[in-house]
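In UniProt numbering, the protein residues as written are 1 to 721.
Every residue gets a Cβ at the ideal spot worked out from N, C-alpha and C, and that includes glycine.
Just below is one structure, and these are the notes that go with it.
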């Protein structure tokens, strides 16, 4: 018994040790299962997030492709379209702080899924006016009176109009007024785009941090790169979808297409802009479904379970107190938690102002922030109205314009961003080199943009607007003589826009103002005869006739358009090369503990000071170049029908170039300060004396600091510009 009693402690000690050995044996077998479940879960999340990035990029780029369609459909100026475009950024800013603070503490996949549903609801809301408004009505003489030559376009007296036709015409106008008076349907588009911005807010910060928390450390950068690649592909499909929908008539499925008297080449043409939003909304719904079935947490990879950099919370917990902290968090009550959050909030507020002062006291950061704000004002305004510029300057259709941008320009931008990163890695460029590369890309990009001033088309010959009825050029566009001796006997309205092309190559605002006495045919095949204003420049032996639609621009315009495409692609690539070096410069010029805060301020400033105002004042400037405004059915100014090509070119390119030039001066100041702080002796001696080993060590330190930023959470993480 004594022996057994003496051996008893050993027996119990063995009992204690044996289960530990078994558990360790089980942990080895379960580790592989856990690793498999971790890899499988993160790959499913990666696939779902990549699809969401594709969906949000597609819907955002599709909105850019429908700018001119929305402007014509709702009869609104470009400045108001700019407000609609900027509402997305407003919606994003409304809840970014809430998502940033509470998002990481809640079920992140489900919050992303809810964001997808909100984003799809906003996309559907944008398309809603198509089903609430009446059918699209364009100005056409033949659409009011279905006649084939029995009625003269040039009405000598009002009594010539048949009474029944006049009643029908007035009834249509009254019905249109009733429909139009109680609706400013563009508000639905604005609210829908604002809702899109709200729904998209949690996707970037929560999705990227979820990958960073649960992916194997060496695979995190690869996964994030895959997501960003899908985000680049999205705009390509968005513009191609815009090209397809622009070819379809706006009321397709609601009206007989044979009764439509305009083509997609007409200025009044409105494509099926709403159809693409329905497609984008369905894609957003499908993209959000997988997130509702993903877990709140995934198993941590083996290498990151005990790592201090595996999550944001673990950085504030010491190794000795981790187990105590876990047990404490399980038993903490609500009052103590609220008290702790209050103290944390107070300390954060006390540290905010000194951090902000420290940040803006850094001259490199402040000057680079100013340069970025001004440059993004230039780029956002240019990209927003690029489809409109191509349509009005070169006489291209909306369908062809969107196709060209989606298939040529956007791949050039993606290739430029990739090239910038490749150059940085290939030549191991430091901070000063990154500043030089960023400045050089901006300088040569805007220098190429300067050449586009010489690649424009002249104004179309429009009687009474750009040329006189005798064919001579107008001295000034403010002396618009729409009425002349040749149409003095006709009762015409100067507000109509129903252009016809005379056989003399001059466009006339309407058949009435052209003095046409007869017409033959109907719809697109209508031909007008005995047009007195057309006959001024024609010999008496030839018949003065005209056909429906405006005349084509000059013969040199297609050639200029090709030159514009080549220079535009090269410019897009050149400007994009400086994107990655500029981002690295931003990361390396500030203290490590301020990097996340600095990136948050940077993103906020770009959104507030560039994303919102740039489309608005670019639109206001473009509106000043309008020669002929459309008129709404119930009175008031509608959308612009004709722009002054030369003035539009100078305003659009000039405003872009002026802003870009100002940003270059700020970039030069950044480079000057960097040169001043890092003398040439430091650059040469650091490489020669310390050798390549220290250079490699310094490079590793930079990589480590960048990784620290990747694993740290900030309000707008991975909002890469």
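With DSSP run on the structure shown, which of helix, strand or coil describes residue i?
{"i": "residue 632", "result": "coil"}
{"i": "residue 44", "result": "helix"}
{"i": "residue 500", "result": "strand"}
{"i": "residue 627", "result": "strand"}
{"i": "residue 468", "result": "coil"}
{"i": "residue 116", "result": "helix"}
{"i": "residue 641", "result": "strand"}
{"i": "residue 696", "result": "In this predicted model, residue 696 has a pLDDT of only 46, less than 50, meaning its place in the structure is not dependable enough to derive any value."}
{"i": "residue 647", "result": "helix"}
{"i": "residue 377", "result": "helix"}
{"i": "residue 530", "result": "strand"}
{"i": "residue 721", "result": "Note that residue 721 has pLDDT 30, beneath the 50 cutoff, so the model's placement of it is unreliable and the number below is only indicative. Of the three classes helix, strand and coil, the one that applies to residue 721 here is coil, per DSSP."}
{"i": "residue 34", "result": "The pLDDT assigned to residue 34 is 46, lower than 50, so where the model puts this residue is not dependable; a value taken from the coordinates is nonetheless given after this. Here residue 34 sits in helix by DSSP."}
{"i": "residue 486", "result": "helix"}
{"i": "residue 511", "result": "coil"}
{"i": "residue 722", "result": "A query on residue 722 cannot be resolved here, the shown segment of the chain reaching from 1 to 721 and no further."}
{"i": "residue 481", "result": "coil"}
{"i": "residue 428", "result": "coil"}
{"i": "residue 178", "result": "For residue 178, the predicted structure reports a pLDDT of 48, less than 50, and the residue's modelled location is therefore unreliable. A value from the coordinates is still provided. Helix."}
{"i": "residue 520", "result": "strand"}
{"i": "residue 553", "result": "coil"}
For residue i, collect the residues of the same chain with a Cβ closer than 8 Å to its Cβ; drop the 5 residues on either side in sequence, then sort them by chain order.
{"i": "residue 606", "result": "372, 373, 376, 721"}
{"i": "residue 223", "result": "42, 46, 211, 215"}
{"i": "residue 240", "result": "402, 403, 406, 407"}
{"i": "residue 58", "result": "234, 235, 237, 238, 241, 280, 283"}
Buried or exposed, going by whether 16 or more other CB atoms sit within 10 Å of the CB of residue i?
{"i": "residue 351", "result": "exposed"}
{"i": "residue 555", "result": "exposed"}
{"i": "residue 211", "result": "buried"}
{"i": "residue 430", "result": "buried"}
{"i": "residue 257", "result": "exposed"}
{"i": "residue 595", "result": "buried"}
{"i": "residue 197", "result": "buried"}
{"i": "residue 563", "result": "exposed"}
{"i": "residue 723", "result": "One cannot answer for residue 723 here, as it falls past the ends of the chain, which runs 1 to 721."}
{"i": "residue 471", "result": "exposed"}
{"i": "residue 485", "result": "exposed"}
{"i": "residue 732", "result": "No statement about residue 732 is possible, as the shown extent of the chain runs from 1 to 721 and does not include it."}
{"i": "residue 634", "result": "exposed"}
{"i": "residue 621", "result": "buried"}
{"i": "residue 405", "result": "buried"}
{"i": "residue 654", "result": "exposed"}
{"i": "residue 598", "result": "buried"}
{"i": "residue 505", "result": "exposed"}
{"i": "residue 369", "result": "buried"}
Less than 7 Å between C-beta atoms, sequence neighbours within five positions excluded: which residues of the same chain meet that for residue i?
{"i": "residue 191", "result": "125"}
{"i": "residue 219", "result": "none"}
{"i": "residue 553", "result": "395, 457, 460"}
{"i": "residue 242", "result": "62, 65, 66, 276, 402"}
{"i": "residue 667", "result": "371, 438, 439, 442"}
{"i": "residue 245", "result": "271, 272, 273, 275, 276"}
{"i": "residue 393", "result": "456, 457, 645, 648, 649"}
{"i": "residue 130", "result": "274"}
For residue i, I'd like the list of residues in its chain whose CB is within less than 6 Å of its CB, leaving aside the five on either flank, ordered along the chain.
{"i": "residue 120", "result": "281, 284, 285"}
{"i": "residue 136", "result": "250, 251, 270"}
{"i": "residue 637", "result": "629"}
{"i": "residue 487", "result": "513, 515, 533"}
{"i": "residue 641", "result": "267, 497, 628, 630"}
{"i": "residue 544", "result": "531, 534, 535, 538"}
{"i": "residue 54", "result": "230, 234"}
{"i": "residue 367", "result": "666, 669, 670"}
Indicate, with yes or no, if the ligand FAD has a heavy atom lying under 6 Å from the CB of residue i.
{"i": "residue 59", "result": "Looking for the ligand FAD in the displayed structure turns up nothing, as the structure carries no ligands at all."}
Hey, is the region 108–119 in contact with the region 646–657, meaning 3+ C-beta pairs nearer than 8 Å? Verdict: no, contact absent.
Report the residue ranges of all alpha helix (DSSP H) runs contained in full by the region 189–273; include only those spanning at least 4 residues, in chain order. DSSP runs (the alpha helix (DSSP H)) wholly in the region 189–273: 203–214, 217–247.
Stretch pair the region 376–386 + the region 637–646: three plus CB contacts closer than 8 Å: The answer is no - the region 637–646 does not touch the region 376–386, with fewer than three Cβ pairs under 8 Å.
Can you find at least 3 beta carbon pairs, one from the region 611–622 and one from the region 355–364, that sit closer than 8 Å? The region 611–622 makes no contact with the region 355–364: fewer than 3 CB pairs, one atom from each, lie closer than 8 Å.
Segment contact, 8 Å Cβ cut-off, at least three pairs: the region 570–579 with the region 415–427: Put simply, the region 570–579 touches the region 415–427. At least three CB pairs are less than 8 Å apart.
Taking contact to mean at least 3 C-beta pairs separated by less than 8 Å, is the region 252–268 in contact with the region 81–94? Output reads no: the region 81–94 does not touch the region 252–268.
Do the region 271–278 and the region 423–439 touch if we need at least three Cβ pairs shorter than 8 Å? Segment contact: the region 271–278 against the region 423–439, fewer than three CB-CB distances shorter than 8 Å; contact not assigned.
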